[in-house]
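Trainee:
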Amino acid sequence: MKHRYSAAALARHALTGKPWPRAWRAAPPKTDYDVVIIGGGGHGLATAYYLAANHGIKRVAVLERSYIGSGNVGRNTTIVRSNYMMPGNTEFFEHSMKLWEGLSHELNFNVMLSQRGQCVLAHGPSQFDVLARRGNIMRLNGIEAELLERNEVKALLPYLDYSAESRFPIYGGLLQRRAGTARHDAVAWGYARAADDHGVDIIENCEVIGFERDQDRITGVRTTRGTIGAGRTLISVAGHSSQVAAMAGLRLPVESHLLQAFVTEAIKPLVDHVISFGAELFYLSQSDKGGLVFGGHIDGFNTYTQRGQFHKVQNVAECAVAVMPSISRLRLLRHWAGIQDMTPDGSPFMGRTPLANLWLNGGWCYQGFKATPAAGWCMAHTVAHGEEHPLVRHLALDRFRSGNGYDEYAHGNWTYKQ
Amino acid sequence: MFEQASALEKALAAGGHAGSNGATALRLGMRRNWHLLQLGTYADRTEALNAALLATLGVALPVSSSAVLRHGRHQLYRIAADQYWIVTGDSTVPAALAKALPADVASLTALSHARVRIALQGSAAVALLGKLVAVDLRPQSFAVGSFAQTGLHHVGVLLERLGPDSFELYVLRTFAASTWEWLLDAALPFGYEVLSE
Amino acid sequence: MLIIPCPHCGARDYTEFRYGGDASRPRPAHGTGTVNEWHDYVFVFDNPKGIHREYWQHVQGCRQWLVVERNTATNELSRAQLAREATRT
Amino acid sequence: MSGASHRLPTGGRVQRGETIEFEFEGRRLAGLRGDTLASALLANGVTLVGRSFKYHRPRGFLAAGVEEPNALMTLGNGARTTPNVQATVTELRSGLIARCQNAWPSVNFDLKAVLGGFAPLLGAGFYYKTFMGPRRGSWMFYEPFIRRAAGLGRAQHKSDPDRYETRHAHADVLVIGAGPAGLAAAAAAASGGAHVVLVEQDFVPGGSLLGTPATSAHEKWRLKLVAAAQAQPTLELLLRTTALGVYDGNMVALLERHDHASCDASRGEAREVVVTLRTRSIIYATGALEQPLLFGDNDRPGVMLASAARTYLNRYAVAAGRRAVVATNNDSAWHTALDLAAAGIPVTLLDQRTTADAALREGAAKAGINIHWQARPLRALGGKAVTGVLAALESGGREQRFDCDLLCMSGGWMPAAHLTTHTGRKLIHSVGIDAFMPAGLDAGHFMAGAVSGHFALSAALIEAVTAGAAAAAWAGRPAASLPPTHLPVPDQACGFEPAGAPPLRAGSKAFVDFQNDVTLNDLIAAHDEGYESVEHLKRYTTLGMGTDQGKTSNINAIRQMNLLRSTSAAETTTFRPPYVPVSVGALVGRAIGRHFRPIRRSPLHDWHVANGGVLIEAGPWLRAWYYRWAGNSAAEAYRQEMRVVRTAVGVADVSSLGKIDIQGPDAAEFLNRIYVNGFAALAPGKARYGVMLNDDASVLDDGTTACLAPHRYFMTTTTAQAGEVMSWLEFLLQTAWTDLAVQVVSVTDQWVGMSLAGPKARVALELALPGIDCSDASVPYMSVRELEYEGMPLRLLRLSFSGELAYELYVPADHGVALWERLLARAAPLGIKPYGLEALASLRIEKGHVAGLELDHRNTLDDLGLGKMASRDKPYIGRELRGRPELQAPERWSLVGLECLEAAQRLRGGAILFADGEPQVGHGRGYITSVTWSTELDKYIALGLYQGGLKHVGETVNCAYPLKNESVRARLVSPLFIDKEGARLRV
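Chains as they are written, first to last, in this note's numbering: chain A, 1 to 418; chain B, 1001 to 1197; chain C, 2001 to 2089; chain D, 3001 to 3987.
#1: Taking the beta strand (DSSP E) that D/Met3409 falls in, what are its first and last residues?
#2: Compare the Cα-Cα distances from A/Arg251 to each of C/Glu2076, C/Phe2045, C/Pro2005 and C/His2039 and report the closest residue.
#3: If A/Gly278 sits next to A/Leu121, beta carbons under 8 Å apart, how far is it from one beta carbon to the other, in whole angstroms?
#4: Does any CB atom of chain C fall closer than 8 Å to the CB of B/Ile1079?
#5: Mind pulling the chain C residues with CB within less than 7 Å of A/Gln340?
#6: Near B/Lys1010, what residues of its chain come up, given a Cβ to Cβ distance below 8 Å and the 5 sequence neighbours on each side ignored?
#7: What are the start and end residues of the alpha helix (DSSP H) that includes D/Phe3436?
#8: Over the uninterrupted alpha helix (DSSP H) stretch that includes D/Glu3362, give me the two end residues.
#9: Just how far apart, CA to CA, sit C/His2052 and A/Val254?
#10: If you draw a straight line from the alpha carbon of B/Glu1160 to that of B/Gly1145, how long is it in whole angstroms?
#11: For a test of the three-state rule: what should DSSP assign to D/Asn3329, helix, strand or coil?
#12: Mapping the DSSP letters down to three states, classify C/Arg2018 as helix, strand or coil.
#13: How is A/Met85 classed by DSSP in three states: helix, strand or coil?
#14: Expressed to the nearest angstrom, what Euclidean distance is found between the alpha-carbon atoms of D/Leu3898 and D/Tyr3781?
#15: With 8 Å set as the bound, which would you pick, yes or no: does the beta-carbon of C/Thr2015 sit closer than that to a beta-carbon of chain B?
#16: Would B/Leu1008 pass as a contact of B/Val1116 if the rule is Cβ separation under 8 Å?
#17: In chain order, what residues of the same chain have a beta carbon less than 8 Å from the beta carbon of D/Arg3379, not counting five sequence neighbours either side?
#18: Give the residues of chain A in contact with C/His2039, contact being defined as C-beta atoms less than 8 Å apart.
#19: Can you round the beta-carbon distance between D/Arg3147 and D/Glu3025 to whole angstroms, since I take them to be within the 8 Å contact cut?
#20: Quick one: using the 10 Å Cβ neighbour count with 16 as the cut-off for buried, is D/Glu3362 buried or exposed?
#21: Is the distance from the Cβ of D/Ala3889 to the Cβ of D/Ala3827 below 8 Å?
#22: To which residues does DSSP link D/Lys3939 through a beta bridge?
#23: Taking all protein chains shown into account, do 16 or more other C-beta atoms lie within 10 angstroms of the C-beta of D/Ser3775, making it buried, or fewer, making it exposed?
#24: At the level of alpha carbons, what is the spacing between D/Gln3905 and D/Val3968?
#25: Give a yes or no on whether 8 Å exceeds the smallest Cβ distance from A/Tyr49 to chain C.
#26: Establish whether the CB of A/Leu276 and some CB of chain D are separated by less than 8 Å.
#27: Along chain B, in chain order, which residues have C-beta atoms closer than 8 Å to that of D/Pro3710?
#28: With burial defined as no fewer than 16 other Cβ atoms inside 10 Å of the residue's Cβ, what is the status of B/Val1063: buried or exposed?
#29: Quick one: measure Cβ to Cβ for D/Asn3084 and D/Arg3051, integer angstroms, because I've assumed they're closer than 8 Å.
#30: Return the residues of the stretch 3152-3177 of chain D that lie within a Cβ-Cβ distance of less than 8 Å from chain B, sorted by chain order.
#31: Taking DSSP as the reference, what is the three-state secondary structure of D/Ala3103?
#32: Ends of the alpha helix (DSSP H) at D/Phe3295?
#33: With 9 Å as the limit, tell me which residues of the stretch 2054-2075 of chain C have their beta carbon closer than that to any beta carbon of chain B; keep them in chain order.
#34: What residues are listed by DSSP as bridge partners for D/Phe3141?
#35: Looking at chain D, is there any beta carbon in it that lies within less than 8 Å of the beta carbon of A/Lys6?
#36: May I ask which residues mark the beginning and end of the alpha helix (DSSP H) holding D/Asn3314?
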């Protein structure tokens, strides 16, 4: 790293008043690259970084139509965890968790990984058994997990609703202490700065408007800043996968749905864990700045508007008060929405497309942020070797043709069926 | 004989409550002794159906999807393009219709026990309903004699306007106690008395 | 609030409805169709940014399934018909 | 009680006869009716009201309204503690308790102010560059300190005792803002009979006119405008009501506040109400927000927006200082200078420009105001209160110090156009006002007044009347006689010169975002590091992320970033709803506690509650879980209940099962298509178990359908899938199979359902309902009879979930309790007892019936051991995709039974299965779905899914449950544990 960040460097700059250099260069596009990554979000930037750092492939461009991190990496509820149950998912998300644990050091950028623990609540015996299965799988794969009875949840999170008025009483919970949150924007910036340090070109305000192709082979992209040749091209555009794939003539098993997120005004520490309600999809934590950050289910119909429905605002607020009654008095400061690719089984696609040299990382429904390091790691491997990384082989684009759907939460086909 | 017990038996017994200024601006209650039948039509059989209805009830199917058709002790609601409700105070109607309508002319489903019919009256009735349903209750949009099927706290209901300050709600029986509690809670600041019938 | 003009009940909040997905894909006739045709029908979408034909059911109203045309870039609704009467234009 | 030292003897719009006592920082103070908390504090000479977020710098009032970034206080105490409330919008009420925040031990002496000394270390994004060492995970050491230092007020964990409500409303025209433009627009819109709702966040209508002297012509005009609006019979004026956001479909969310008065929850009075208002057209008359100037230490208490000082003076009769300097780049602040001077306060005016409106200049000269042209403030002087200002005069040629205790500033105005962008519209930069204004509006949306950049009253008035007429026309109720558009009062000059480049000086801090302590130096640092897009700037520096959402910071930040980037490409950030923070409780209304979601109750619910039934949530339902007669816990009771069913007779409430009436000439064909097995030939009087698949071949549901008569069927579904199945049937009939003459109607609510099971079930039935022939010949297994019994319709089905001789009885819901009680009473000699959900679920495990956790959407027909049911002779939904290779793979996990091999151990749901001897790591070969103690076999048994399924029957497996450090040995067996031949069913 040319200009390392540290407490000492901070003091030096404070004393001398010397400005810091740019975190990443404003690189103009070159005529061609070994790899062109469409999408300057967390996944695209992470892929670029690992291509350079792990595979020595440095002639890499990340094309971002707006500013980097403008998509879902900056619009989520910042939760990081590895409590996944299905074979493949367990290992993939644990790999991600381990990368998270070293990420600030690796990138020399504090992404503020806060391993404060995540507790998923169960509201009845059968839900408890489902959590137990998940927890057992975690333990059998070397991932810590604790199953809590109601009184243990109460000891850990005494401010939740244990009253007789509770509509869905808390029955128990599954706790992963290593889970927590990370500063979402910092992840994009940290990867960008580290990738740039390896020579990756990060090209902002550069929108892809078409593909260059030689029969069934993609040879480059047309952009608002000219045509760029590419040995290999990766689509990594969360929420707009269908739009970009359509430029290459591909149709995907994807619908674009809105997921809203919410934050209250900042207050002094009130909630020390990540809490997931079990009666409906709802999750809550407190940011380091002090706001309670929470979210729920998708709005329920496909849209690219990036603005949520008020009904959902109320619905999610209801969940918030149901799980933690004292939230009632706090005030909602902002709500915003991200567009995410919803897939038939709720799992993403990582790997090849029907077109040679065109690779896809998309279909991230709810898990996109926590997957960022592993998605970058595995896509870099996949693109570099021209062969899917073992951890993502189960996430093939054509899996529904063979019947190999991958439904981690058993919501059934199409999660909008709420 | 098997005695009958409605979904609100316990709830109705609890009685009324004065509002924040001591007033009771609402009267709430449950209607009894009525019958509900759902009719389903099949393409090309509406003529036969209308003939049978005219013969049995003296009235044919309503065309409007928003106005209640009243005929004697009967009220007819067009609840979907091919589905109708017949609400009647005449207890002979269910059997008469069952007899008059062969299975290939129309479907006939008894729903008297599937709904609870709640009356809402009083000067605060419109204000109360404003808390419960999203329907535009201004007179120009929802005149006396109109009905609407809509959502009330996650549950579908049929709302009918009998007068400027008089309404009825048909709610699902299994949700009725919950809906009633929800309604009383909303009625708290206005004050209410429970109608006895 | 997305408001859907139900042809039977009138304009209502989308919360009274249940979304049913893309209505533009032809469903193979019962008992016909290859695995591939069914695969495409069940799993593959245009997901356009623009006019989208989609199903909604008015579950808290008349329970009719509708075909609605909506611009997914603006959420503007241009048309709503009963599914059984829906015509393509 | 201290006197109101800064209240002027006359003037203002406060009611001098009505004193209101309140508490601030433990001191008892008094204000007047019509005060805000802020004006009352200023009247009492209180100017230091908070400490800043990061540096703990002393802060006073910057504004007089909703844009206030500094004066955040904690109101109330105990469970009614509310942090972060703006004193500037808090209507003074008797007994109000207010405390400052973010200061320790007190706002006057805050130890954390020492942080200010480390400011150079704490620049933009400093935390991204440090706190990483010495090792991985070190952040966990630092984070608690950062968390404790951050945050504003302190909240508590107690449940909120106040009441909130939500309601719906409808309007033809919604006018947002009751300033001069809004009042005029609303009156115009309502003139033709349109129903107009006019909302105003303040508790007094008038907007900017409230800043004019109370004796002025402007005040008379205000009263006339209000009277004219109130004279319209179809116009509703809602005060204390803020438009939070504009959503699709012209739905506007409003927040009504009632906490200025009594809001006693026990009397049903709400503290706040969220209104979802649907309207045909909208008029934005939201005004504009004055912006600060950037100069060193511009955050000192006593540095205030010029319009705020004028409002305190004229609306509240409070002199915010005794010696004032007014610094401006536009004409508007001259009114402040003139009014301050008229109140006897010496004023120095620093104007960045070379001239101003002629009338203003003349007035200022007359008032003896000391005017300096081309003059701008460099630095505010003082510590906890401003004592003066160092200014650059004559375009920087000379520096001079001016003493003052009130420094008013005006850096221009930003249209309050936030709401116009909520539906996705962008703002564009307007050179004339150097601020952003709406580029266009949605159809049916209009605007009037300062929000559209028309700061002059005359222009605003004309625009308002036009907008009112247009909005009414759009709503289909054209305006009639329009109010006059000539201005009966002097116009307010608004000449403006862009703020220009401020002096960039190290050392002193020029605050851009007061609440988040973002300075000009932070902007420069962010630019140096490449965070130059406005969104990066915001996210990197936290600019605009405070409770004021950048109402006084965005414009200055964008102006400065443009200067740094040498660009005029002006982009603004996205304004997110809500416009002002809103209590989470108000969004929720009454959907709290048990009302969070509606409760679905069986017709037998009250009986269960009264007779020892313990209830459990099952989706929306509350069902009888077990009964106290059998034990004091589910674990204890279900075994007793099972024994009764296996040895005598029990009755269970199964009313929650989905029930669908299916009729029509094509009903048989319809059923034959949706079920995997054949239904075409189901004869009247017969019932059949069936399974439905989704198109993708996953199992949708299972249940029984009985043929009551030709063309008439009675379908039951699982409790969980009832709604899903109903919608699916309707989907098929209305979209794909419109040629089928079939009607489907949900009759779940019509019929109460009871399952009467046990070897003595027939006797029980004969005792309870004498006269019905219940013999096996008359009602054989899998048959149905439709009867009328004592005037009551009765559907009697002979089917069994428990494996015993069993009947399902369905009668109209209101008869439920009577029938249930009769069964229990008349069959009492047989030992009949009610049994609950836990026993129901356990009995079926002994019979290997799948339910709940086995039917989890991931499993196929074959996985559940039901593949043989699927017809080979007819098409059915899901048939095509069922054939996909992975779904037919022989090693898929499929249904097995398990018997516990360790007497002292139990099996547990969620245990992971491993073959005997293989290491217990990874994902295993399957898992346990459902467990019960078998009262017949005297051991724990379970259902599970296992790789290869029944091929492995007889093998021993380990059931790993590492969460409890357990691993229990079990044998794989057929899931049909008892009565394999089904002899008991057919007696």
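Ideal Cβ positions, reconstructed from N, Cα and C, are used throughout, including at glycine.
Mentor: Reading from the atomic positions:
#1: Mapped onto the fourth sequence, residue 3409 of chain D falls at position 409. First-last of the beta strand (DSSP E) with D/Met3409: Leu3406 to Ser3410.
#2: Position 251 of the first sequence holds residue 251 of chain A. The candidate whose alpha carbon is nearest that of A/Arg251 is C/Phe2045.
#3: Reading the first sequence from its first residue, position 278 is the one you call residue 278 of chain A. Reading the first sequence from its first residue, position 121 is the one you call residue 121 of chain A. At roughly 4 Å, the Cβ-Cβ gap stays under 8 Å, so A/Gly278 and A/Leu121 are in contact.
#4: In the second sequence, the residue the question calls residue 1079 of chain B occupies position 79. With respect to chain C, the C-beta atom of B/Ile1079 has a partner C-beta closer than 8 Å.
#5: Working through the first sequence from its first residue, we reach residue 340 of chain A at position 340. Going along chain C, no residue has its Cβ under 7 Å from A/Gln340, so there is no contact; the nearest lies around 12 Å.
#6: Walking along the second sequence from the start, residue 1010 of chain B turns up at place 10. Same-chain partners within the cutoff: Ala1177.
#7: Against the fourth sequence, residue 3436 of chain D aligns to sequence position 436. That residue, D/Phe3436, is in no alpha helix (DSSP H); its beta strand (DSSP E) goes Ala3435 to Pro3438.
#8: In the fourth sequence, counting from the first residue as 1, residue 3362 of chain D sits at position 362. Looking at the DSSP string, the run of the alpha helix (DSSP H) that includes D/Glu3362 is Ala3358 to Ala3367.
#9: Residue 2052 of chain C sits at position 52 when you count from the first residue of the third sequence. Residue 254 of chain A sits at position 254 when you count from the first residue of the first sequence. Computed Cα separation, rounded: 14 Å.
#10: By one-based count along the second sequence, residue 1160 of chain B stands at place 160. By one-based count along the second sequence, residue 1145 of chain B stands at place 145. So the two alpha carbons sit approximately 7 Å from each other.
#11: For the purposes of this step, residue 3329 of chain D is taken as the residue at position 329 of the fourth sequence. Note: D/Asn3329 maps to coil in three-state DSSP.
#12: On the third sequence, position 18 is the one that residue 2018 of chain C refers to. In the structure shown, C/Arg2018 sits in a strand (DSSP, three-state: E or B).
#13: On the first sequence, residue 85 of chain A is found 85 positions in, with the first residue counted as 1. If DSSP states are grouped into helix, strand and coil, A/Met85 belongs with coil.
#14: In the fourth sequence, the residue the question calls residue 3898 of chain D occupies position 898. In the fourth sequence, the residue the question calls residue 3781 of chain D occupies position 781. About 28 Å.
#15: Within the third sequence, numbered from 1, the residue matching residue 2015 of chain C stands at position 15. True, the Cβ-Cβ gap to chain B drops below 8 Å.
#16: Stepping through the second sequence from its first residue, residue 1008 of chain B is reached at position 8. Stepping through the second sequence from its first residue, residue 1116 of chain B is reached at position 116. For B/Leu1008 and B/Val1116, yes; Cβs fall inside 8 Å.
#17: Locating residue 3379 of chain D in the fourth sequence gives position 379, counting from the first residue. Result list for D/Arg3379: Phe3295, Gly3296, Asp3297, Val3389, Leu3390, Arg3505 and Ser3508, in chain order.
#18: Taking the first residue of the third sequence as 1, we reach residue 2039 of chain C at position 39. In chain order: Phe400 and Arg401.
#19: For the purposes of this step, residue 3147 of chain D is identified with residue 147 of the fourth sequence, where counting begins at 1. For the purposes of this step, residue 3025 of chain D is identified with residue 25 of the fourth sequence, where counting begins at 1. So it is not a contact: roughly 25 Å between Cβ atoms.
#20: Here the question's residue 3362 of chain D lines up with position 362 in the fourth sequence. So D/Glu3362 counts as exposed.
#21: Stepping through the fourth sequence from its first residue, residue 3889 of chain D is reached at position 889. Stepping through the fourth sequence from its first residue, residue 3827 of chain D is reached at position 827. It is not a contact, given that the beta carbons lie outside the stated cut-off.
#22: Locating residue 3939 of chain D in the fourth sequence gives position 939, where the first residue counts as 1. Paired residue(s): D/Ser3934.
#23: In the fourth sequence, the residue the question calls residue 3775 of chain D occupies position 775. Its Cβ having fewer than 16 others within 10 Å, D/Ser3775 is exposed.
#24: Counted from its first residue, the fourth sequence places residue 3905 of chain D at position 905. Counted from its first residue, the fourth sequence places residue 3968 of chain D at position 968. CA-to-CA, the gap between D/Gln3905 and D/Val3968 works out to about 7 Å.
#25: Within the first sequence, residue 49 of chain A is the residue found at index 49, counting from 1. Closer than 8 Å: no.
#26: Taking the first sequence and counting its residues from 1, one reaches residue 276 of chain A at position 276. The sequence shown places Ser at residue 276 of chain A, not Leu. It does not: the Cβ of A/Ser276 has no partner Cβ on chain D nearer than 8 Å.
#27: Here residue 3710 of chain D corresponds to residue number 710 of the fourth sequence, with the count starting at 1. Those are Ala1103, listed as they occur along chain B.
#28: Here the question's residue 1063 of chain B lines up with position 63 in the second sequence. So B/Val1063 ends up on the exposed side.
#29: In the fourth sequence, the residue the question calls residue 3084 of chain D occupies position 84. In the fourth sequence, the residue the question calls residue 3051 of chain D occupies position 51. About 13 Å separates the two Cβ atoms, so there is no contact after all.
#30: Glu3165, Thr3166, Arg3167, His3168, Ala3169 and His3170
#31: Translated into positions along the fourth sequence, residue 3103 of chain D becomes position 103. If DSSP states are grouped into helix, strand and coil, D/Ala3103 belongs with coil.
#32: The sequence position of residue 3295 of chain D within the fourth sequence is 295, counting from 1. DSSP places D/Phe3295 outside any alpha helix (DSSP H), giving it a letter other than H or E.
#33: His2058, Val2059, Gln2060, Gly2061, Cys2062, Arg2063 and Gln2064
#34: Counting from one through the fourth sequence, the residue named residue 3141 of chain D turns up at place 141. DSSP lists no partner for D/Phe3141.
#35: Mapped onto the first sequence, residue 6 of chain A falls at position 6. Looking at the sequence shown, residue 6 of chain A is not Lys but Ser. Yes, A/Ser6 lies at the interface with chain D (some Cβ there is under 8 Å from its Cβ).
#36: As a working note, residue 3314 of chain D is residue 314 in the fourth sequence. Unbroken alpha helix (DSSP H) run through D/Asn3314: Ala3306 to Tyr3316.
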